[in-house]
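Scroll down for the structure; my scribbles are underneath it.
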Amino acid sequence: MQFISPTTLKELADFLSADFDGNPDHVISGINEIHMVQPGDITFVDHPKYYKKALGSEADTIIINSKVEKPEGKALIFSDDPFTDYVKIVKRYRPFVPANKMISSEACIGEGTIIQPGVFIGNNVIIGKNCLIHANVTIYDHSIIGDNVIIHSNTVIGADAFYFQRKPSGYSKMESCGRVIIEDNVEIGACCTIDKGVSGDTVVGNGTKLDNHIQIGHDTVIGKNCLFASAVVVAGVTKIEDDVVLWGQVAVQKDIIIKKGAIVLATSAVDKTLEGNRVYFGVPAIEARRKWRELAALRQLPELIQQL
Amino acid sequence: MQFISPTTLKELADFLSADFDGNPDHVISGINEIHMVQPGDITFVDHPKYYKKALGSEADTIIINSKVEKPEGKALIFSDDPFTDYVKIVKRYRPFVPANKMISSEACIGEGTIIQPGVFIGNNVIIGKNCLIHANVTIYDHSIIGDNVIIHSNTVIGADAFYFQRKPSGYSKMESCGRVIIEDNVEIGACCTIDKGVSGDTVVGNGTKLDNHIQIGHDTVIGKNCLFASAVVVAGVTKIEDDVVLWGQVAVQKDIIIKKGAIVLATSAVDKTLEGNRVYFGVPAIEARRKWRELAALRQLPELIQQL
Amino acid sequence: MQFISPTTLKELADFLSADFDGNPDHVISGINEIHMVQPGDITFVDHPKYYKKALGSEADTIIINSKVEKPEGKALIFSDDPFTDYVKIVKRYRPFVPANKMISSEACIGEGTIIQPGVFIGNNVIIGKNCLIHANVTIYDHSIIGDNVIIHSNTVIGADAFYFQRKPSGYSKMESCGRVIIEDNVEIGACCTIDKGVSGDTVVGNGTKLDNHIQIGHDTVIGKNCLFASAVVVAGVTKIEDDVVLWGQVAVQKDIIIKKGAIVLATSAVDKTLEGNRVYFGVPAIEARRKWRELAALRQLPELIQQL
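Residue numbers (the numbering used here), protein chains in the order written: chain A, -19 to 288; chain B, -19 to 288; chain C, -19 to 288.
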């Protein structure tokens, strides 16, 4: 979750000009999307399908578009458009602050770290010790980078989550207030993009190495000592455990898990959770041996059809 | 078309040291490639297969490599190498003007627009109101950007069309003089590239949202409220109508149409015009249901072949 | 190979605190990976499988993790971890030198070349005549660029090879000391990455044209007058001969050859050496006609299975 200065239910409801149900002095101390909520958080829900999940979650303040019964110990804010009201809160507590120089005076950079020319470092960025940030890299506000990290040129850390809600008039943008966390000993190639979390964190684990042109979506968590070859694309909210190897141009679907030690061969597309310590191939990716058998069979198919 | 200051047939023919057929005072007011020509334009044709199309087009001045009969009301310029002579004209009327600072004094930027550090904005660029251009974005000369547009870091707007003519000695470059037009309420992710038109415009329509690592080729026109996930690659001269959704890593061929409301699933390759309001999948992309049946059948094939 | 100031066997062994076998005054004048070694070079070998290759190679100094018999005329340095000791030598003789301005005073730029704003040019870079380097391009140290070269915005030339050795504790980085060489008349699109060689050179041949979002891995050598459409990904140590055409999103495996005049259709994946002057398609790529027959057969398969 992203902390905010503690605010009462009444203050927030007044800010949104909304009705509420709960103790007016009930305190909200964090903003969070439903997938990541913790006690103290405010979240939103706008579809009856997810009411039960939201009302039963750890979040103790929920913006909701129905006058449901308030669960014990929670607070509700009633809204015709919870998505838009949630975004209003994010914008109030995490406003975008324009930069006027390449390296923000609000950034904190560790000893021994080399920042090459043309690098942009936003507000509240923390970079550890003995890193090497190559020319023309961009690091958005609130990103956190560990020690001994190398980032190659023209890579972008912490751009907004790609998350929109379709309304009749067009797409409405979810303002993301999460962060990117790059742990120690990570190397990131050139022209990569690692998006910030919507309200949580996108994480690249200790010792993981990324080649060039890699995309990591919002709220994706990558384990330790993974190896991704160039042009790998990982969607949002996915978990990649330790020691996973993804070869070139592999695409990974959102909201799945690739378990420890799995290897996915080049140009495969992963559309569901994969067990660890096996080799996968294909679109969609299945065990490589099985896919090779299919491809061998396909090679025989034209002649087979002619015979039949 | 790209307007030029009106020039007579005789002046242009003299500039090219070429013979001509037509009224020496006939006026040329625009440069255009054959696909987009309008009255007043000069264009070129160098293959007998396209003579009829060029001579019958709206262009009223044609550079041609054969002493054909002049159609009524047109003017002809004769050239051994119409491609090269056309490029000479583009270079004369749209010369590249080197920049000496990050934001050209010839650029026009609307009220409320935030330009982050490290952004390059070329000559004659127009940017509307309340835009947010993130650090290290590059916007080439003559690009036009509407209101409320967000462009994420290290994206490149308006690089040259990828258009070469093979000659015995190697590739000869078509100089592009077109533009990129980004309409209102568009969001473009990080590390994207949107190339300028050869002589017309590459357009991204109102409310369309592009994720990271997206490539849009020259003269491609994208409608309103489209959604492209990361690493989508669209070739040149293609039309994508409103409300189209392209999921991650989809590749789209040049010179086709994807009609209103079509959805193309991740990693598909679109090689022909697609009807609207349907879901497609595969390489090449066909209706998704059909492709899934094929994949299910393929899974059975190894056993089937063993039985036969 | 990358030249170093001549150093004796004894000096290097002392630097590594290692035992050696050979004339203490034996001279080392170059650093090289086993694939590219020449007389005068030092290289390393750490797996018995490759001992014979290394000891029989042109390299006359070998760092090795076994007390093998010294071949005539060679010198050996004994090390428990030849990889790490080799990297120590690279770091000593080719240390990374941080830059303090966008264009290094150690760079050499030819007459008539235009460098747009925001371009980073590292130490010891050589750029020829009449080039156009667009805004926000990054060119790492030691890159060499010929005449009449165009490089579009936000492209990165010369980032490190993606080359790691897995150790129990995680990945250990090979420090690359090679170069990128871009020959005359090359055009490179926006957001491309061309990595430097590990100890040799990554080469893009005369007249070759690359579209946007292209990745060229370390030590890959591309011939003359090739044409690569956008999002092509070529792994390391691969050879692409003259006049090869790779269409959009093609992926090419490491350590193979694509021979003169071959054409690979969009979204294919090349996993083995391809003969020249033919057209290929598919994942993995085979002759296009054959792949089309397979796809036609696959379309009939669901009905065929129903009948059987």
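Every residue gets a Cβ at the ideal spot worked out from N, C-alpha and C, and that includes glycine.
Residues that residue i bridges to, as DSSP identifies them
| i | result |
| --- | --- |
| Gln145 of chain B | B:Ser152 |
| Tyr260 of chain B | B:Val244 and B:Glu267 |
| Ile130 of chain C | C:Leu112 and C:Glu167 |
| Thr(-12) of chain A | A:Val7 |
| Thr188 of chain C | Looking at the DSSP assignment, Thr188 of chain C forms no beta bridge with any residue, so it has no partner. |
| Ile289 of chain B | In the structure as shown, chain B starts at -19 and stops at 288, and residue 289 of chain B therefore has no counterpart that could be examined. |
| Val183 of chain C | C:Ile161 and C:Val201 |
| Cys100 of chain C | First, the residue type needs correcting, since residue 100 of chain C is Phe and not Cys in the sequence shown. The partner list for Phe100 of chain C (beta bridge, DSSP) reads C:Thr118. |
| Asp1 of chain C | C:Leu56 |
| Lys219 of chain A | A:Val201 and A:Ile237 |
| Leu226 of chain A | A:Phe208 and A:Val244 |
| Leu(-4) of chain C | According to DSSP, Leu(-4) of chain C bridges with nothing at all. |
| Thr173 of chain A | A:Val136 and A:Gln195 |
| Val213 of chain A | A:Gln195 and A:Ala231 |
| Thr253 of chain A | Paired residues: none, contrary to the question. |
Three-state secondary structure assigned by DSSP to residue i
| i | result |
| --- | --- |
| Thr247 of chain B | coil |
| Phe58 of chain C | strand |
| Ala231 of chain B | strand |
| Ile14 of chain B | helix |
| Arg74 of chain A | coil |
| Thr93 of chain A | coil |
| Val178 of chain C | coil |
| Ile194 of chain A | coil |
| Val67 of chain B | helix |
| Lys32 of chain C | helix |
| Leu281 of chain B | helix |
| Leu207 of chain A | strand |
| Leu275 of chain B | helix |
| Asp21 of chain B | strand |
| Leu288 of chain A | coil |
Residue i, buried or exposed, once every other Cβ within 10 Å from all chains shown has been counted against 16
| i | result |
| --- | --- |
| Asp175 of chain B | buried |
| Asp(-6) of chain C | exposed |
| Val77 of chain A | exposed |
| Ala276 of chain C | exposed |
| His27 of chain A | exposed |
| Leu(-11) of chain A | buried |
| Ser85 of chain C | exposed |
| Leu207 of chain A | buried |
| Cys171 of chain A | buried |
| Glu13 of chain B | buried |
| Lys81 of chain C | exposed |
| Glu274 of chain A | buried |
| Gln(-18) of chain B | buried |
| Asp5 of chain B | exposed |
| Asn128 of chain C | buried |
Selection from the options that minimises the alpha carbon distance to residue i
| i | options | result |
| --- | --- | --- |
| Lys54 of chain C | C:Ala79, C:Gln286 and C:Glu38 | C:Glu38 |
| Ser(-3) of chain A | A:Glu13, A:Asn205 and A:Ser59 | A:Ser59 |
| Val292 of chain A | A:Asn192, A:Asn205 and A:Asp181 | Lying outside -19 to 288, the shown extent of chain A, residue 292 of chain A is not represented and no answer is given. |
| Leu190 of chain A | A:Ile162, A:Tyr73 and A:Val250 | A:Ile162 |
| Val183 of chain A | A:Pro(-14), A:Phe(-17) and A:Arg159 | A:Arg159 |
| Gly187 of chain C | C:Ile125, C:Leu288 and C:Asp181 | C:Ile125 |
| Val232 of chain C | C:Lys219, C:Gly241 and C:Asp223 | C:Lys219 |
| Gly169 of chain B | A:His198, A:Val224 and A:Gly169 | A:His198 |
| Ala87 of chain A | A:Asn103, A:Pro75 and A:Arg270 | A:Asn103 |
| Asn205 of chain C | B:Ser149, B:Pro(-14) and B:Gly228 | B:Ser149 |
Heavy atom of the ligand MN within 7 Å of residue i beta-carbon
| i | result |
| --- | --- |
| Thr182 of chain B | Of the ligands one can find in the structure shown there are none, so the ligand MN has no counterpart to examine. |
Legend entry - Contact residues within the region 74 to 104 of chain B, judged by C-beta distance below 8 Å to chain A: Ile94, Gln96, Pro97 and Gly98
Legend entry - Residues within the region 238 to 252 of chain A neighbouring chain C, beta-carbon criterion of under 8 Å: Ala246 and Thr247
Legend entry - Near-chain C residues of the region 149 to 173 of chain A (beta-carbon distance less than 8 Å), N- to C-terminal order: Asn165, Glu167, Gly169, Ala170 and Cys171
Legend entry - chain B contacts made by the region 185 to 211 of chain C, where a contact means CB separation under 9 Å: Asn186, Gly187, Thr188, Lys189, Leu190, Asp191, Asn192, His193, Lys204, Asn205, Leu207, Ala209, Ser210 and Ala211
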